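2 protein chains.
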Amino acid sequence: MSKFVYFFGGGKGEGSKEMKALLGGKGANLAEMTSIGLPVPPGFTISTEVCDYYYKHDNTYPPELDTQIDEAIARVEKVMGRKFGDPENPLFFSVRSGAAQSMPGMMDTVLNLGMNEETLPGFIRLTGNERLAWDSYRRFINMFGSVVMGLEHHHFEEVFDGLKKEVGAEVDTDLTAEQLKELCSRYSALYEKHVGKPFPREPRMQLLHSVDAVFGSWMKPSAVTYRRINRITGLLGTAVNVQTMVFGNMGETSGTGVAFTRDPATGENVFYGEFLMNAQGEDVVSGIRTPREISELGSEMPDNYKQLLDVRQTLEKHYKDIQDLEFTIENGTLFILQTRNGKRTGFAAFRIAVEMVEEGLTTPQEALKQIEPDGVTHLLVRLFEPKALAEARKEGRRLAKALNAGPGAASGEVVFSADRAEEMVNSGKKVVLCRTETSPDDIHGMHVSEGILTQRGGMTSHAAVVARQIGTPCVAGCSELDIDYGNLSMKVKKDDGRTVTLKEGDVISLDGITGEVFEGPIATMPSEVIQVLIDGTMKAEESKTYQNYVKIMEWANEFKKIGVRTNADTPRDSDYAVRFGAEGIGLTRTEHMFFGEDRIAFMQEMILAENEETRRAALEKLLPFQREDFIGIFRAMDGYPVTIRTLDPPLHEFVPHEEKAIARVVEKTGIPKEKILAAAERLHELNPMLGHRGVRLSVTYPEIAEMQVRAIMEAACIVKKEGIDVKPEIMIPLVGHRGELRFIEKIARPLIEKIFEEQEIKVDYLFGTMIEVPRGAITADKVAEVAEFFSYGTNDLTQMTYGFSRDDAGPFIQHYQKKEVGIFDTDPFAVIDEEGVGFLVKLGIERGRKTRPDLKIGICGEHGGEPNSVKFCARVGMNYVSCSPRRVPVAIIAAAHAALEE
Amino acid sequence: MSKFVYFFGGGKGEGSKEMKALLGGKGANLAEMTSIGLPVPPGFTISTEVCDYYYKHDNTYPPELDTQIDEAIARVEKVMGRKFGDPENPLFFSVRSGAAQSMPGMMDTVLNLGMNEETLPGFIRLTGNERLAWDSYRRFINMFGSVVMGLEHHHFEEVFDGLKKEVGAEVDTDLTAEQLKELCSRYSALYEKHVGKPFPREPRMQLLHSVDAVFGSWMKPSAVTYRRINRITGLLGTAVNVQTMVFGNMGETSGTGVAFTRDPATGENVFYGEFLMNAQGEDVVSGIRTPREISELGSEMPDNYKQLLDVRQTLEKHYKDIQDLEFTIENGTLFILQTRNGKRTGFAAFRIAVEMVEEGLTTPQEALKQIEPDGVTHLLVRLFEPKALAEARKEGRRLAKALNAGPGAASGEVVFSADRAEEMVNSGKKVVLCRTETSPDDIHGMHVSEGILTQRGGMTSHAAVVARQIGTPCVAGCSELDIDYGNLSMKVKKDDGRTVTLKEGDVISLDGITGEVFEGPIATMPSEVIQVLIDGTMKAEESKTYQNYVKIMEWANEFKKIGVRTNADTPRDSDYAVRFGAEGIGLTRTEHMFFGEDRIAFMQEMILAENEETRRAALEKLLPFQREDFIGIFRAMDGYPVTIRTLDPPLHEFVPHEEKAIARVVEKTGIPKEKILAAAERLHELNPMLGHRGVRLSVTYPEIAEMQVRAIMEAACIVKKEGIDVKPEIMIPLVGHRGELRFIEKIARPLIEKIFEEQEIKVDYLFGTMIEVPRGAITADKVAEVAEFFSYGTNDLTQMTYGFSRDDAGPFIQHYQKKEVGIFDTDPFAVIDEEGVGFLVKLGIERGRKTRPDLKIGICGEHGGEPNSVKFCARVGMNYVSCSPRRVPVAIIAAAHAALEE
């Protein structure tokens, strides 16, 4: 005979935490806790195999199930010394669903099962609390009616409100036991009227109906949809947990509470929680009564408190992680209702992980696994002061929530243009730059702002990429905004429907970790890690946080296998990245270098040149600047490889479009205004992302590539003579066809040989390409005939694989993620789309290595700093990931996770 | 002993035309012609295996080669009754390279091989022409020096010019025999000076050096590049053809000429060609002497002419195709030097094909194979009158050559805006609309213009697609233009470097078949097929051209296997397409319907709506228009499937941007101007091709899809009640994720059921999607869970696979095709990129049919009407191709080719 029912109680559970597939997450954990000696209210779990049977056999049950349930009930009765349905000494149950993975949409809890007019007097005798009994019973009828039978909740409410009016009661608690008894009788009538049958008084019938409802809810559309969206497959079904009811509201020796085994905000090793005497769980969270500090339980119920401290120890020892637990004390007896790994802040995660290892509770490997890679960001940015933030929330100052595009908290005056931002900062103000979208014209304003807020654009829009690169908090794609540049104001439609208008100079605050925007100022606090590591304004020994950070990063570096590089365009960024642990540069964007005040004019001269000769003359002027840039970076990256990408963006990005900027160029270069306007017109493209950029520029103007290759290799030769271990990698962007790369190679290689002769020194270098056009991945075998390395540009690759412009797709990608639409669960620009983009990545690796087995492969798109994507890159066999300097620690931890999960 | 040398002569060739791999194309054909009794000058071919051996054995030859060459020379000597190197009766050879495929970049011809001071007297005796002898010898030294030894040609020219000056000669022919003899001696000295060795006088040495040079040229960079670009692989190498020299310039009974077996311009079955007495081949083509009509040879050399007419018969019977032949008469003996399939116009191809079948020369299958599918276009458009065109060329009126984006010839006054075009046409003028690029705002002007010329944009830019759809000649991406809207003028930089300025009202002509643009008018003539088939202005029995057209199309339809549908948006286009042979509609673009005068205002109202309710109200007004459109199309397509695509383009395309258009909308809808400007701003996207369009619109505004589905299915129900056999297919564009399609399906299917109830009739329909985003192809297995058919949108798919905006990529795609760049051999928007885009197409078919084996698959991008792409579609197993109405005959012929090639 198959086993369908698993008992737990009396110190022994028939299951364990490993049996989630059969018993569901909840059931497995109840059995586990019972077995390790925790005082769990006894009960039993009906396995997921029954659910499977139910659907395969036309909604019927295995014949042996009945007997097994009866036997399990008998065992519970024995442990509890009470009987289910017994008028003298009644036992009550709760019934809950529970699959292997938590799953909204399925049937929720039914409590107080077993109550009826026969068992209530016994309950009253046991508790001495008539009001409690009838109140529990009316809740049961309500819950059973709505949860099990689908009777709409408002019917019960109407009856309740009617009675309150009749007796002149203001709130629920005004009703007497007698009135509650009357309410129960009215509820029963209501039930019978709508369901067409009397309310089932027989406890066993109550139980079987409830079990039936749980299994039936497995196929409810909302549950099916949830599984589809979250790609949950391969489950047999849900399990059903039937557990003894315990009552924290039986009187002054009863109570209930929730607790963390450590402080989840700071990570401090103290017991942390709150409780209420004579109360049920929902009273603690409802906020009607103010809960008390958990330590005060020591004076109220010293024995139970001591017992609870033991439970805390047992749980941490057993689960090797901070636990979040619920308990109830029923007439002086402690019961543990639930435990789970506790959610914690990034700060706390680091402290807890380090201290648990020090305490001998966990190994470094186990500790590392408990750290969310993204959590390290909390240690590296300014954050809102927790109290100030809580206050802002309480005051309803939250304006909107959009994409968390650049981490960190910022507070400042609203400003709508880059020029104005500069002016206001120069006059001593702090500003938040608010734009519909940003462009390279706004860079100077972005640099001086505390934070950046955009109306359009996604996780890899210009604003987001630049913000992360320069470490400025950014909230992007905030479609609730309506910016009116003309009136220097913006409207924000708040969640509550109200519209707030903000003018230049009004203060807002934004949190780039949560994507939230607030009205008014919120105090922020600096990062200790940054103060020690970068600013040097604090000493390592003064900061426990810094020490924890170092410890974790040491472990992560020890375990990880895939390399972690950084995307950096300046010696300063390169230096920071090395301090954060980068092992090289995966992407230097040379175009950013052209925006400097001292060189943009030459760049514009180059673009406005009318023939190759004048273009070469302008390039000649840019060469020394580029060479100096590379010399600086090579020096900072001594011993590490440095990948430098040739010019990528369309040339129009360098041509001024605004009156003021044009005037500046006219003044600097002497080029007439009409010529600049004509060039802007000539270079205008309908879809610049798919236009004349990347390698296409180098094919049409080979002299640009020539100048850049010369700058890179001359710089390399010069620093090598200084004794620097230089490892340049020349990277050609946007290659979709081998011929493009071959064309450049034929220019570059002979030129480099010539430079070696001129410089009288040789430098090892690699010549490679970005794979960011789908065709580059598809023809990777051909491309690898020329390329010595591939670097995946997954921003562009995602853009083209999906056909989503990263500057325009923000709003509809957000729409796709809405629950009622449910097409995306994550933004493919944030987390790599393994099914689509990932297919091309794998194909390219496979085909590329077929041609060149030792092909070096990395990623330098924004995904290189996103934990799930980093793990993907490790799984598919890349040599390294590369990300912005501040994401390096995130990538290192994710890389360690990837190795530990192998 | 292996055979390396293949003899031909005396009526027998050791090879045949099937042996191209071994003997090269030229060698195989020489052997073949010899065997069928044509008087080919005897000779021999050294096989490609020798070339292979040469490269595998360090540039040496098989030991047996020497003997085989000697034997072959002896056989030639025997046939000719002369001896190689004999002073009395000398034999001379030509040496030519010849691989299996014609290949520029390899060594060219060396003539007169065997001449030296010993053999020349014999030659003089034989010909009695001393001047001819020394002239031939100096040519040989020059050719051998430059072609075989790589001595630069200008050295010889300098010596020649020096001598001419000395003797006071104006032109070459002024030199006497004696002076030419002196020239030969100076050439020999020049040769010795530069090569470092005396000129080889020994004929056998001359021959071996020449053979060596041919084999050496196989690996010349230019030849290697040519093979790489043209993807020529798998060849062993080149062969070498050594053939007896014959001289058409031996005197008055000698001559030379070229001829076609039929008229290549009209296809008429007459012998067509020209000749010169006492001349060599190069004299016929050089234009110094005016050649005579071939028929006149009948009076000059009646026997040879009769012989030539026999050759004509023999060739056509044997090759079963029109032949283009070269002949030489040496002292009254006719020699055939070469024959190949003749190039012909589209007209001629049809006439020749039909008549050859009628004459019993070919089968319909053979005839069809000889027709270039694109050639049918010549029968369907206006063409320049050949004489007028020749005159324009002679006058140097060609301005530029760009993309042949819409076939046909046009002549008219230059105009720079759509509004102005309309005005001028209304005042009775014919115009050619010239724009930097076109947009939907220009449609009204495009409709009234004779031709369209754009400065930017590729083969699938807006201008090109619309032009082909409406049948207007179009030349696109003409980067030599510089349009100045402000001054209503444009500059054109001509090939010769001159810049021409054209103003509004100046006349230009353009040829959309060749992509050429001319200054001034060129007369055009209408298409007889169109006059019969569409306009009804001519009767079928009056037009032989039409009858030929019908015959060929009948055969093609009989043989082809893949279906051919059309892209049509109106009942009129649908009707035309059926007349052209379409078997259904593969794409109806519903957006084009919204541009009508009577409905664009409602469309704009819909877009400017501020909430779902007002949007629905506007949609309600559009519904009857759409329904009527579909009713019209369904009626025209009775019995055929009709695929209708829901709204695809970004909404901003419907919002006016120009002052005048905005004013019109304000007047029509009463919507204030500020609101329109705000909407334009709100809908603006940086990369609209990758923006909010296609299925993304339907997901964010499901009410649009609802209205369209309702219009389609109500129309279907209505016509079915009329007795029409209606087969609607609802197509959702731009799907990259199954979830998108599922979202729309969940709206559409219940709605359709409701419509069936309302209409009290049911209609079979299909629900499917376009595959045009790379991710759609990659996840085709998932998408096919929902889609009942796929239609490949290869315009967008190419755009995203390559990352090339079809509106912006024209200029650099043209650059990529330049010979010195050599990255592309064809524009991937014109001919499907099999390696990249084709991979995704095949992947999608494979994965889609894995999920749904009976998945119906077609293509509706512009490639659907391009012959090579049609063949690709047939090979990969698509059910149909769909193209614009006028491309339907092209696709049908290509489809027949695909079936015949199977």
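Chains L and E are the protein sequences, given in the same order. Take 1 as the starting number for the first sequence in this note's numbering and just add one per residue. Take 1001 as the starting number for the second sequence in this note's numbering and just add one per residue. Ideal placement from N, C-alpha and C gives every residue a C-beta, glycine not left out. All of these numbers come straight from a predicted model, not from anything done at the bench.
- Could you tell me the distance, in whole angstroms, from the CA atom of residue 626/L to the CA atom of residue 661/L? 23 angstroms
When you compare each of 789/L, 888/L, 259/L and 201/L to residue 864/L by their alpha carbons, which one comes out closest? 888/L
Checklist entry - According to DSSP, is residue 603/L helix, strand or coil? => result helix
| said: Please report whether the beta-carbon of residue 1057/E lies at a distance below 9 angstroms from any beta-carbon of chain L. | reply: no
_Cβ neighbours of residue 1538/E in the same chain (closer than 7 angstroms, five flanking residues each side left out)_ = 1528, 1531 and 1532
| Where are the alpha helix (DSSP H) runs, 4 residues long or more, that stay fully inside the region 1380–1430 of chain E, in chain order? | 1386–1394 and 1418–1426
*asked:* So, with DSSP's three-state summary, where would you put residue 860/L?
replied: coil
Does any C-beta atom of chain L lie closer than 9 angstroms to the C-beta of residue 1402/E? no
*Secondary structure of residue 1743/E, DSSP reduced to three states*: helix
(message) If the criterion is Cβ atoms closer than 9 angstroms, does the pair residue 368/L and residue 348/L meet it?
(response) no
Worksheet entry | Beta carbon proximity, residue 1531/E to chain L, threshold 9 angstroms | no
**Prompt:** Is it the case that the Cβ atoms of residue 1042/E and residue 1004/E are separated by a distance below 9 angstroms?
**Reply:** no
On the three-pair Cβ rule with 8 angstroms, is the region 1129–1136 of chain E touching the region 1169–1188 of chain E?
yes
* To do: List the DSSP bridge partners of residue 589/L.
  => 645/L
Interface residues of chain L around residue 1692/E at Cβ under 7 angstroms? 808 and 812
Taking Cβ to Cβ, would you say residue 972/L is nearer than 9 angstroms to residue 123/L?
Residue 972/L lies beyond the residue range present for chain L, which begins at 1 and ends at 902; the question has no answer from this structure.
query = In the DSSP assignment, what are the bridge partners of residue 476/L?
reply = 403/L
Can you look up residue 669/L in the DSSP assignment and give me helix, strand or coil? helix
Item to complete: Pull up the distance between the alpha-carbon of residue 252/L and that of residue 291/L, whole angstroms please.
Response: 15 angstroms
Exercise. Give me whichever residues DSSP pairs with residue 487/L in a beta bridge.
Key: Residue 487/L pairs with nothing; no bridge assigned.
| message | Measuring only the C-alpha atoms, how far is residue 1647/E from residue 1695/E? | response | 8 angstroms
Count the other C-beta atoms from every protein chain shown that fall within 10 angstroms of the C-beta of residue 1497/E, then say buried if there are 16 or more, exposed otherwise.
exposed
Do you know how far the Cα of residue 675/L is from the Cα of residue 504/L? 35 angstroms
(request) Could you work out which residues of chain E lie near residue 815/L, taking near to mean beta carbons separated by less than 9 angstroms? (result) 1696, 1699 and 1700
Would you kindly check if the distance between the Cβ of residue 32/L and the Cβ of residue 10/L is under 9 angstroms?
no
Less than 9 angstroms between CB atoms is the rule here; does residue 1494/E satisfy it with respect to chain L? no
Requested in this report: Could you list which residues in chain L have their beta carbon closer than 9 angstroms to that of residue 1822/E, in chain order?
Outcome: 739 and 743
Checklist entry - Is residue 838/L closer than 9 angstroms to residue 1737/E when the C-beta atoms are compared? => result no
Looking only at its chain, what residues have a beta carbon closer than 7 angstroms to the beta carbon of residue 1425/E, apart from the 5 residues adjacent to it on each side?
1431 and 1448
| request: Please confirm whether residue 1511/E and residue 1867/E have their CB atoms less than 9 angstroms apart. | output: no
Assuming residue 1879/E and residue 1857/E are in contact, meaning their beta carbons sit under 8 angstroms apart, how far apart are those beta carbons, in whole angstroms?
6 angstroms
query: Based on Cα-Cα distance, which residue from 723/L, 796/L, 841/L and 820/L lies nearest to residue 780/L?
result: 841/L
Are residue 607/L and residue 651/L close, meaning C-beta to C-beta below 9 angstroms?
yes
| request: Throw me the rounded Cβ distance for the residue 636/L and residue 688/L pair, which I believe falls under 8 angstroms. | output: Their Cβ separation, rounded to whole angstroms, is 32 angstroms, which puts residue 636/L and residue 688/L out of contact at 8 angstroms.
Please name the residues in the region 227–248 of chain L whose beta-carbon is closer than 7 angstroms to at least one beta-carbon of chain E, in chain order.
none
In its own chain, which residues sit with a C-beta less than 8 angstroms from the C-beta of residue 731/L, not counting the 5 before and 5 after it?
587, 643, 644, 645, 646, 768, 769, 770, 789 and 791
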